[in-house]
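Just so we're aligned: 1505 in our numbering is position 9 of the sequence shown, and the numbers increase by one with no gaps anywhere.
Each residue gets a CB set at the ideal place from its N, CA and C atoms; glycine is no exception.
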Amino acid sequence: MTTDSSSTNRAPAEGISTFKGQDRALRADRLGTGGLLLSVLAATAPLMVVAGVMPTTFAVMGIVGQPLLFVVLGAVLVLFSLGYAEMSRHVHNAGAFYAYISRGLGGTAGAGAALVALVAYNSLQVGIYGIFGFEVSGLFATYADLEVAWWIPALAAALAVGALGWLKIDVNAKVLGVLLVIEVLLVVVFDIAAVADPGKEGLSLHAFNPDTLTGAGVGTALCFCIAAFLGFEQAPVYAEETSRPHVLVPRVMFLAVTGVAVFFAISSWVLTVATGPASIVPTSQEQSAGLLFFLTEDRLGSAFTDVLHVLFVTGMFAAMLSFHNVVARYAFAMGREGLLPAAFGRTTGSSGAPGTGSLLQTGIAVVLVLTFALTDDKPTGDPTAPVLHLFTWGGNIGALGVIVLMAIASLSVIVFFVRRGAAGAQAWRLVTSAVAGIALVVIAVYTVKDFDVLVGAGPDSALRWILPGVIGLALVTGLVQGAILRGRAPETHARIGLGNEAFQLEKEAGRTP
């Protein structure tokens, strides 16, 4: 990706402007460390990862060393965060990824990144509606003997999430926080129970043996596992809504990525302990997403397992709400800077929320859920295919998009500080960004190469190229938009990535926005 020479003349980045251009700024001072951390961690949906991602990775990849993969990925993402967090001290913008990329690689690159971010986070959020509707439908069938089509609870959730998107972020943080804490506690209870009553191989640490990572499936397993971390990178999106973004954003990022790495490494290890390392793969293949519930039923009883099923659903709702908030803020930032219609760059009434962006995300979710619902319950074929395709397709498209964004952001960090003459002072952060960027590029290559495995398509299926091509198309379209703006609307192009600072500059120049 090329850089723009105009990026060297962009506005000073220290601090954040206190100018609030009418309704073009998100309300500050609404989030502290706790609220920001809960909003970010909710997107990781810990119970969905433990009950869904981990058994799938064991079953599909046949790799016992999944706990070690979480340790390795945690280390890579900590390295990434060192430079990314330092950027957050200089750039405060609700369009975090594309704002950072704009500052380092120029407005055209930023426009490409903006559209990738919008597509990726929408895909992640909408994908969860599929598995959410499927699980809620199952709960109705099991506990109420009532047949409910999966798309009905999915649509109900979309409307509920959209309504909450109009409310203040502190309300959302409370909703997210309560759900998150409860599901984490339940997983911890299971972890303790499994360690106290291990499988026939005892408290084996075999899953942390590097020999368990040999084989052709390691690269694809990395793709599965990195999706479990998605959420920690969202902290800078809320920078404008915190009182001390230069302190709180880096703090929350490191707390999130290290906490997630430790929690998932331990929990995936406990799964191997509960079944025995030699049995984890065949048991996962037999039980699939029911593995966790199968193990809790045996150790903690049916009542605990029933509660776990309910919290599985509420955890997914928390993740949907978290991703919804991120999409709305990206749309707000893009509207404020001319990458989307100006209406998206306005906040909503008394709540100060990015309401138009919230409506956009809700509309996209409703349309996609209805589209997949129309292909459901056909006389031929698997009736669960549409809902499962919505989840796997959306989740993997979104994960690929975020991996690409992180890789480009790593390069942007290096260019940003080199151009500012700070390469010497930031040398060690530039090295960690380079190492993380290379690792992320490798993961992205494996993700595209093995996309047929990730989405359950055959090796000859066109989907293996069409689905990852969505991210490629978004990137190219954004780059073209940026190039057009650079030629036809240079003032708009110069604002890309500046956020509120652009309107401070207009005020100082006597041009009230």
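In angstroms with no decimal places, state the Cα-to-Cα distance between residue i and residue j.
{"i": "A1571", "j": "A1652", "result": "39 Å"}
{"i": "S1764", "j": "V1546", "result": "7 Å"}
{"i": "L1855", "j": "A1654", "result": "11 Å"}
{"i": "G1602", "j": "A1903", "result": "16 Å"}
{"i": "V1951", "j": "E1987", "result": "42 Å"}
{"i": "I1688", "j": "A1918", "result": "48 Å"}
{"i": "V1865", "j": "G1841", "result": "26 Å"}
{"i": "V1677", "j": "V1809", "result": "14 Å"}
{"i": "M1550", "j": "R1984", "result": "49 Å"}
{"i": "V1937", "j": "L1578", "result": "17 Å"}
{"i": "V1758", "j": "M1812", "result": "21 Å"}
{"i": "A1953", "j": "F1790", "result": "28 Å"}
{"i": "I1967", "j": "K1696", "result": "45 Å"}
{"i": "A1935", "j": "V1574", "result": "12 Å"}
{"i": "S1957", "j": "V1862", "result": "27 Å"}
{"i": "G1626", "j": "A1940", "result": "24 Å"}
{"i": "V1944", "j": "A1581", "result": "27 Å"}
{"i": "P1850", "j": "T1843", "result": "5 Å"}
{"i": "V1949", "j": "L1884", "result": "14 Å"}
{"i": "L1969", "j": "W1889", "result": "16 Å"}
{"i": "T1540", "j": "L1926", "result": "27 Å"}
{"i": "A1990", "j": "I1648", "result": "45 Å"}
{"i": "L1642", "j": "F1636", "result": "5 Å"}
{"i": "I1962", "j": "I1722", "result": "21 Å"}
{"i": "V1756", "j": "I1762", "result": "10 Å"}
{"i": "G1920", "j": "V1743", "result": "23 Å"}
{"i": "Q1639", "j": "F1630", "result": "Residue 1639 is actually Tyr in this sequence, not Gln. So the two alpha carbons sit approximately 14 Å from each other."}
{"i": "T1754", "j": "V1972", "result": "34 Å"}
So what's residue i in DSSP terms, helix, strand or just coil?
{"i": "S1535", "result": "helix"}
{"i": "S1700", "result": "coil"}
{"i": "H1820", "result": "helix"}
{"i": "A1958", "result": "coil"}
{"i": "P1875", "result": "Any reading at P1875 must be qualified, since the residue scores a pLDDT of 43, below 50, and its modelled position is unreliable; the value itself is stated next. Three-state DSSP puts P1875 in coil, outside helix and strand."}
{"i": "L1564", "result": "helix"}
{"i": "S1775", "result": "coil"}
{"i": "E1987", "result": "helix"}
{"i": "Q1922", "result": "coil"}
{"i": "G1629", "result": "helix"}
{"i": "F1725", "result": "coil"}
{"i": "E1643", "result": "coil"}
{"i": "W1765", "result": "helix"}
{"i": "W1889", "result": "helix"}
{"i": "D1794", "result": "helix"}
{"i": "R1916", "result": "coil"}
{"i": "V1951", "result": "coil"}
{"i": "V1587", "result": "coil"}
{"i": "N1705", "result": "coil"}
{"i": "G1897", "result": "helix"}
{"i": "L1994", "result": "coil"}
{"i": "Q1783", "result": "helix"}
{"i": "A1829", "result": "helix"}
{"i": "R1842", "result": "coil"}
{"i": "P1694", "result": "coil"}
Check the C-beta distance from residue i over to residue j and give it rounded, since I have them as a contact under 8 Å.
{"i": "A1895", "j": "L1726", "result": "6 Å"}
{"i": "P1706", "j": "L1564", "result": "7 Å"}
{"i": "V1680", "j": "P1542", "result": "6 Å"}
{"i": "I1559", "j": "V1714", "result": "7 Å"}
{"i": "P1732", "j": "A1592", "result": "4 Å"}
{"i": "S1598", "j": "G1993", "result": "3 Å"}
{"i": "L1870", "j": "G1673", "result": "That pair is no contact at about 36 Å."}
{"i": "A1690", "j": "V1766", "result": "5 Å"}
{"i": "Y1942", "j": "T1716", "result": "6 Å"}
Just to confirm, is the Cβ distance from residue i to residue j under 9 Å?
{"i": "L1901", "j": "A1538", "result": "no"}
{"i": "A1932", "j": "S1906", "result": "yes"}
{"i": "F1628", "j": "M1830", "result": "no"}
{"i": "V1644", "j": "V1657", "result": "no"}
{"i": "F1760", "j": "A1724", "result": "yes"}
{"i": "Y1596", "j": "S1929", "result": "no"}
{"i": "V1769", "j": "G1698", "result": "yes"}
{"i": "V1745", "j": "R1585", "result": "yes"}
{"i": "F1819", "j": "N1892", "result": "no"}
{"i": "F1913", "j": "L1886", "result": "no"}
{"i": "V1911", "j": "Q1730", "result": "no"}
{"i": "L1804", "j": "F1720", "result": "no"}
Going by the C-beta, is residue i closer than 8 Å to any heavy atom of the ligand SAH?
{"i": "A1640", "result": "You won't find the ligand SAH in this model; it holds no ligand whatsoever."}
The segment 1547-1555 in contact with the segment 1780-1798 per 3-pair CB rule at 8 Å = yes
Contact between the segment 1694-1710 and the segment 1765-1780: three or more CB pairs below 8 Å?
-> yes
Is the segment 1792-1805 in contact with the segment 1822-1833, if contact means three or more CB pairs nearer than 8 Å?
-> Fewer than three beta-carbon pairs drawn from the segment 1792-1805 and the segment 1822-1833 are found closer than 8 Å, and the two stretches are therefore not classed as touching.
Given 8 Å, three or more beta-carbon pairs between the segment 1977-1984 and the segment 1741-1754 = no
Determine contact between the segment 1619-1629 and the segment 1597-1611, defined as no fewer than three beta-carbon pairs at a distance below 8 Å.
-> Between the segment 1619-1629 and the segment 1597-1611, the count of Cβ pairs shorter than 8 Å is below three; the stretches do not touch.
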